Each structure stands twice: as C-alpha cells, then as structure tokens.
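For reference, the structure discussed in these notes is given below.
Number of protein chains: 2
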Amino acid sequence: MAAPKQGPKQGPEEGPDPSLTIADLGELALIERLKPFCAEGVVGDDAALLVVASGYELVVTTDVLIDGVHFSDRTTPAFAVGYRAVAANLSDLAAMGAEPLGITVGLGLLAQTPWQWVEALYQGMTACLATYGGVIVGGDLCRAAQKTVAITAVGQVRAGQAIRRDTAVPGLSVVVTGAHGASRAGLALLLGEVEGDQRSAAAMGWIKAHQTPVPRFDAIAQLHSLIDTAVPYPTMAGMDSSDGLANALLQLSRSSQVGMDIVRSHIPLPPGLSAVVGPETAFDWALYGGEDFELVLCLPPDLAAKFVQVSGAIIGTTTGTGAVQLLPSVESRRRITLTHQSFKHF
Amino acid sequence: MAAPKQGPKQGPEEGPDPSLTIADLGELALIERLKPFCAEGVVGDDAALLVVASGYELVVTTDVLIDGVHFSDRTTPAFAVGYRAVAANLSDLAAMGAEPLGITVGLGLLAQTPWQWVEALYQGMTACLATYGGVIVGGDLCRAAQKTVAITAVGQVRAGQAIRRDTAVPGLSVVVTGAHGASRAGLALLLGEVEGDQRSAAAMGWIKAHQTPVPRFDAIAQLHSLIDTAVPYPTMAGMDSSDGLANALLQLSRSSQVGMDIVRSHIPLPPGLSAVVGPETAFDWALYGGEDFELVLCLPPDLAAKFVQVSGAIIGTTTGTGAVQLLPSVESRRRITLTHQSFKHF
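Note that the protein sequences, when read in sequence, are chains A and B.
In this text, residue positions in the first sequence follow my numbering: the first is 1, and each later residue adds one.
In this text, residue positions in the second sequence follow my numbering: the first is 347, and each later residue adds one.
Quick look at the structure:
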C-alpha cells in the first residue's frame with residue numbers, strides 16, 4: 001500500500017496502484033523491483049563482466065535524455081521513452097556496423113515519480129533489447145529535479161570492419177536505408193502542430209517512427225551478406241541520421257573531406273506526408289527533422305546498386321569538392337549548398 | 347567576447363573571462379573546446395572503437411552525479427567534481443581487479459553554466475585518467491535544470507580473475523586497504539560541521555580524500571604480485587567501500603552468504619580524527635561515512651598476512667553464520683550485529 005503523499009502527484013491515474021511513488025517504495029525496494037529487468041548473473045558486483053568475442057573490437061556509445069528536452073509526458077509515454085532511448089544507442093552501434101552486447105542505465109528520478117512510470121520505462125528498454133539484442137548489465141539510480149535517462153551501449157564489431165565517417169572518397173554512391181521525416185511528422189501529430197487523423201495508417205506509422213524507432217541492424221546484415229566475401233574489402237563510410245539527414249550528409253562530407261551531389265527528388269519521403277503538410281515542409285522535415293535513425297552510407301556504385309535492390313535508395317554521389325550540394329533533379333543545373341540547421345541545446 | 351547575459355550568473359568570479367557561459371559559446375563551439383580533452387582518433391564517429399586484449403574480459407560500470415545531491419559549489423569545485431566522478435568509476439574497475447580502458451561522459455548543463463566550470467570539470471576528469479589510466483572516448487551533451495555528470499567506465503580484466511562479491515567462504519581474512527572516515531571528515535570540514543584548521547596537515551588530507559580520492563589500483567597490483575604464480579588460484583572476494591565500510595561488509599556477507607566477525611579496534615581510522623571529533627563519531631564515519639573508495643577484500647589468511655605487510659589491515663574473519671558482527675576487541679565476548687545505515691536517495 002502507498003504511504004501518505006508528501007509531494008504533488010504526477011503521471012497516469014489509471015491501472016494498478018497508480019499512486020505508488022518511488023519515495024513510497026524507497027531505494028532498496030526500487031532496486032529489487034528493477035533487478036528482474038537486468039541480466040541475471042551480470043548485475044550485483046561493482047561493475048559488469050562481459051565477453052568481447054575473439055577477433056572483435058569493442059564499440060561504446062552514450063546518450064543522455066532529459067525530461068522536457070528530449071521527451072515529455074505529452075508526446076512520449078514512459079514505455080516509448082525507454083524504447084527510444086535504447087533504440088537511439090543501438091542505432092549508433094548499427095551505424096558502426098556493430099552488434100549489441102549490453103547497456104548500462106543511469107537514472108535520475110524525482111521522489112514523486114510514479115513507480116508505474118519507472119516500470120514502463122524499463123519495459124520499453126527491455127522490449128527494444130529483446131528485439132535487437134543486448135541486455136541491461138548495470139546502472140545507477142539517484143534523485144534529480146528532472147527525469148534523466150543516461151544510457152551507454154557497448155557492442156562488438158569484427159576487427160577492421162567498423163563503418164567510420166572519415167573513410168569516404170569521391171565517386172561513391174550515397175545511400176539512405178529508408179525515408180526521412182516520419183519521426184518529425186509523428187512529433188507534429190502528437191503536439192497538435194498539424195491537423196490529421198492520428199488513426200490513419202500513415203499517421204500511426206509516423207507516431208510509431210517517433211516513439212519506437214528501428215535501429216537498422218537489418219540493413220547492416222544485408223550489407224554484410226553482400227560484402228563478406230569481397231576482396232579487397234570495399235571502401236565505404238557511414239553514420240546514422242539521428243540528428244537529421246542534412247546533418248549526416250554534412251558530417252560525412254566534413255569528416256571524409258569529400259563533397260556530395262545529392263538529388264533532391266531521389267530522397268525518399270514517408271508516403272502521404274507531402275499530401276498532409278505540403279511538399280516544402282515534408283522535404284524540410286526529411287532534411288532537418290531528425291531522429292529517423294536510418295543509416296546514411298557511402299558505398300561503391302556497384303555495391304550500392306545491389307544494396308538498394310532490397311531496401312533504401314541511392315540519393316547522390318560523393319565528389320571531389322568540399323560542399324554538399326542539392327540538385328532539384330538529376331538534369332538540373334541549379335544547385336543549393338546544404339547548410340546546418342539542426343537542433344541546438346544551447 | 348561574451349554576449350549579453352540572459353540568465354542569472356553562477357560560478358567563479360575570477361580568472362580569465364569568468365563571465366563566458368556555454369549559452370554564449372553555443373553548442374558547436376562548446377564541442378570544439380571539449381575535443382582536446384578526448385582521445386585523438388577515437389571520438390568523431392557514432393560510437394568509439396576500443397580493443398579488449400586477447401584473454402581479457404570487458405568490465406563496465408556507470409555512475410550519475412547530480413548537482414545538489416552528489417556535489418555542490420560549496421564543497422566541490424568543478425575540478426574536484428570531475429576528478430571524483432572519474433575516480434568513483436575507476437574505483438569500481440579496481441574493485442573488480444580490472445584496469446581502465448576509457449570512459450564516456452554524458453553531461454547535462456544549464457545554459458548559464460560558466461565555460462570555466464565545464465573546463466575545470468574536464469581538467470579534473472583528465473587529471474584523474476592521466477594518473478590511473480584510460481581516456482575519454484565519447485560523450486553526449488544536453489541542456490538540463492541541474493548540472494548532471496553521467497560517466498560510464500570500461501576496463502578489462504584477465505579472464506577468470508575478476509574479483510566478485512559472491513565468492514567468499516568462511517575462514518577468510520577480511521582486509522581493508524586503508525583507513526575509513528577521511529572523506530566524511532573532509533566533507534564535514536567543508537560544510538563547517540566541525541571546527542578545525544583546514545590548513546592543518548590532517549585536515550588537508552581529509553579534504554583531499556573527499557575531493558580527489560584514490561582508486562586503489564596500487565593495491566590490486568600488490569595483490570597480483572602475490573598471487574600471479576599461485577596454484578590453485580586463491581579463493582577470494584571483494585568490492586570497494588564507496589557506499590561506506592559497513593555497506594561493503596554487509597554486501598559481501600549477503601552476496602557470499604557468509605558471516606563476519608569484525609574487530610572494531612582493528613579498523614584503521616584516519617590519524618588524528620578521533621582527537622578532533624571524538625572516538626564515537628570517528629568510528630561512525632568510518633563505518634557509514636562513505637566515499638573512501640578503499641577496497642574491502644576477503645583473502646586466505648596467509649595471503650592476507652603477506653598483503654598487509656605493505657598496506658592495509660586485517661579487520662576480521664569470515665564465518666559460517668549469516669550476520670556481520672562487531673567485536674569491540676579480539677578478546678571481547680560482546681558482539682553487535684552490524685546494520686545498514688547508508689545514504690538513501692529516496
């Protein structure tokens with residue numbers, strides 16, 4: 001039973017025991033309730049022990065998500081906060097060509113945070129891990145003024161086969177593994193920025209893209225099926241588009257010191273999006289919306305052609321110039337130099 | 347030059363350009379200023395690549411520190427926040443018998459946080475890493491309502507040689523690598539809880555113990571020098587005393603399902619502490635103060651005897667009972683059962 005309340009109530013008011021806060025539970029009971037979400041036999045020491053397979057390198061990435069900055073109760077239920085936080089980290093592993101081993105979870109919570117919120121957060125995290133691989137191997141828990149979720153993911157990649165940002169050369173095809181703009185469209189629907197039937201198939205897909213994104217390990221597996229026997233190993237580069245497609249193109253260009261000619265009409269948009277928000281906004285969200293977690297790859301043209309037979313699209317070519325230029329169509333002579341316009345924290 | 351201020355000023359008012367906030371800098375300039383603190387060639391991709399040596403296992407640990415909970419401007423300058431945060435994580439690696447490879451840093455900052463604070467934080471982190479090993483291999487940066495430092499450390503340990511909590515058996519000697527209570531004494535001095543000359547050698551040592559603690563890799567090296575040729579490999583257990591000596595003894599007892607007879611008079615106290623705060627308070631801080639980051643090891647008696655010839659002390663013995671019992675002295679028949687009394691977040 002819940003003890004008397006000492007702070008303002010928050011969170012859902014339905015379901016079993018919604019009034020129970022983590023202050024009611026206390027730290028030790030909270031830790032006991034979180035243990036079943038963690039890998040058995042790994043948690044319980046000062047640190048977690050994991051094995052990186054022989055011939056593999058370790059890959060490490062970290063993300064911090066904060067209530068009011070990266071999520072809010074208005075747009076993101078706790079399950080989706082957890083799912084998305086893990087998916088974002090796993091996407092960074094996928095972008096390196098790696099497979100997941102495990103994650104640690106650093107959690108800052110308010111005393112009045114409902115246990116239901118914490119439980120749903122962990123359900124979301126473990127649901128994502130169950131789908132794509134990896135387990136929760138450790139964590140830390142403390143009081144904070146904002147809900148804070150700091151996740152570090154570790155994975156492994158075959159030695160020498162990590163996909164880097166700085167290894168593109170002129171003459172490669174620029175490939176995206178899917179459409180961009182759906183996550184931003186989902187957010188817009190949830191915020192009421194656009195009118196739309198949230199129950200339409202397209203709208204539900206956009207909301208899903210925002211709340212439970214897909215780290216593209218399937219695309220990495222597809223790539224490996226094409227290159228595992230390749231001699232010499234193909235020249236390539238890549239990253240994920242978590243901060244927007246434009247940002248990914250500009251980062252790859254800068255890291256590899258290559259230019260790009262990107263054909264605007266070849267960039268896949270989410271079906272139906274232009275009809276709802278107009279083609280200019282749809283294209284703006286595709287370039288700058290962010291959080292689509294697709295992969296942006298620079299591949300040899302023959303490999304790219306084989307790759308997009310299964311999924312994704314070739315949107316352009318790397319060049320010897322320094323700039324990323326947008327061409328309205330293949331035939332167009334008009335070029336627009338792409339610039340940064342991504343989310344800034346400060 | 348600093349742009350006009352939009353929020354209240356915080357932080358130090360002396361030194362070069364103290365008025366410059368991270369909002370003045372902007373996110374990209376801030377990232378550029380942080381790059382020199384990070385490992386060259388490792389940062390810049392979606393994730394960091396590291397090599398775990400052949401025959402070694404991966405060790406992962408994480409800690410979240412929050413302004414107002416784990417540190418404050420009153421007791422902990424930014425350099426010490428960074429140093430202590432890294433030392434706490436490295437201590438978890440040392441407690442597993444591991445050596446550091448690298449850390450990731452997830453940072454939540456207020457827009458009006460002075461650049462000087464962030465710079466000193468990173469100076470503290472890299473100073474600790476330079477002393478004990480490891481590099482900054484990645485991070486994340488975002489806006490938050492409280493300064494938040496989430497660190498994950500990865501290390502490596504020879505396969506099968508990790509020091510666990512659940513492997514103690516009855517009849518082992520319980521060893522501490524040093525005195526307990528100094529960190530709590532340092533905090534008390536900084537908070538003005540106790541009268542004392544902060545410039546005395548003892549007081550400066552306590553403040554140092556609080557602000558720049560020592561992860562005991564030296565004790566692990568000493569242990570390895572004694573056991574590397576041992577056949578069979580000795581039965582042992584251990585952890586660090588970051589949450590207090592009492593907590594460490596109780597955790598080891600519970601995880602290994604052994605009891606302990608601990609001789610109170612054998613627990614080393616910081617020299618001079620009893621004279622300043624009285625023997626009862628000194629002993630209370632030794633048991634429950636926390637953050638001393640010593641190691642608490644259960645070792646075979648002959649190994650323990652050799653170990654403490656260099657440093658540390660034998661404070662008791664593991665037993666077949668379930669309880670951790672305090673004996674005032676070796677001859678005493680009076681026993682006090684030790685209980686949890688550590689810092690609780692909720």
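The beta-carbon is built from N, C-alpha and C at its ideal position, and this holds for glycine as well.
Just so we're clear, the structure is a prediction, and the values are computed from it rather than from any experiment.
- Legend: CB atoms of the segment 32-59 of chain A lying less than 8 Å from CB atoms of chain B belong to residues G44, D45, D46, A47, A48, L49, L50, V51, V52, S54, E57, L58 and V59.
- Between K652 of chain B and the set B:A531, B:T523 and B:A548, the nearest pair of CA atoms involves B:T523.
- Taking 9 Å as the CB threshold, R420 of chain B stays off the interface with chain A.
- At a cut-off of 9 Å, the C-beta of D363 of chain B has no neighbouring C-beta in chain A.
- Think of a sphere of 7 Å around the beta carbon of L93 of chain A: the chain B residues whose beta carbon falls inside it are A393, in chain order.
- Taking CB atoms only, D63 of chain A has a neighbour in chain B less than 9 Å away.
- Closest by C-alpha distance to R216 of chain A, out of A:P301, A:G181 and A:F293, is A:F293.
- For the segment 482-507 of chain B, the set of positions with a beta-carbon nearer than 7 Å to some beta-carbon of chain A reads V483, G484, G485, D486, L487, C488, R489, A490, A491, Q492, T494, A496, T498 and V500 in chain order.
- Between L101 of chain A and V154 of chain A, the gap from beta carbon to beta carbon is short of 9 Å.
- If only uninterrupted beta strand (DSSP E) runs of at least 3 residues are considered, those enclosed by the segment 39-74 of chain A are 48-50 and 56-66.
- Residue contact with chain A for D586 of chain B: present (Cβ-Cβ distance below 9 Å to some residue of chain A).
- The continuous alpha helix (DSSP H) containing P301 of chain A extends over residues P301 to F307.
- CA-CA distance, V540 of chain B to W463 of chain B, rounds to 28 Å.
- For T450 of chain B, the beta-bridge partners assigned by DSSP are B:G484 and B:T498.
- Of all C-beta pairs linking the segment 422-430 of chain B to the segment 83-93 of chain A, fewer than three are shorter than 8 Å, placing the two stretches out of contact.
- Contact check for L245 of chain A and H340 of chain A: beta-carbon distance about 12 Å, past the 8 Å limit, so the pair fails to qualify.
- Scanning its chain for C-beta atoms nearer than 7 Å, with the 5 sequence neighbours on each side dropped, one finds around F417 of chain B the residues L411 and V427, in chain order.
- Proximity of S183 of chain A to chain B, defined by a Cβ-Cβ separation below 9 Å, is not satisfied.
- The DSSP-derived three-state label of V157 of chain A is strand.
- The three-state reading of DSSP puts G205 of chain A in helix, counting H, G and I together.
- Straight across, the Cα-Cα distance linking Q146 of chain A with A23 of chain A is about 15 Å.
- As computed with DSSP, I682 of chain B is found in a beta bridge with B:L672.
- Under the three-state reduction of DSSP, I377 of chain B is assigned to helix.
- I22 of chain A: member of the alpha helix (DSSP H) spanning I22 to L25, first to last residue.
- Nearest Cα to G106 of chain A within the set A:A144, A:S91 and A:A127: A:A144.
- Setting aside the 5 residues that flank it on each side, T472 of chain B is surrounded in the same chain by F383, each with a C-beta closer than 6 Å to its C-beta; the list follows chain order.
- Along the segment 510-524 of chain B, the positions whose C-beta sits under 8 Å from a C-beta of chain A are R510, R511 and D512, read in chain order.
- The beta carbon of L673 of chain B sits no closer than 9 Å to any beta carbon of chain A.
- In the three-state DSSP reduction, V522 of chain B falls in the strand class (E or B).
- If the five residues before and after V622 of chain B are omitted, its C-beta is found closer than 7 Å to the C-beta atoms of V540 and G542, all from its own chain and listed in chain order.
- By the rule that beta-carbons nearer than 9 Å mark a contact, S253 of chain A does not touch chain B.
- Taking a C-beta cut-off of 8 Å against chain B, the contacting residues of the segment 98-117 of chain A are A98, L101, G102, T104, V105, G106, L107, G108, L109 and A111, listed in chain order.
- Against chain B, the beta carbon of M236 of chain A has no neighbour under 8 Å; the closest one sits roughly 13 Å away.
- In this structure, V515 of chain B lies near V604 of chain B, with their beta-carbon atoms less than 9 Å apart.
- Rounded to the nearest whole angstrom, the C-alpha separation of P647 of chain B and R510 of chain B is 18 Å.
- Between I220 of chain A and G312 of chain A, the CB-CB gap reaches or exceeds 9 Å.
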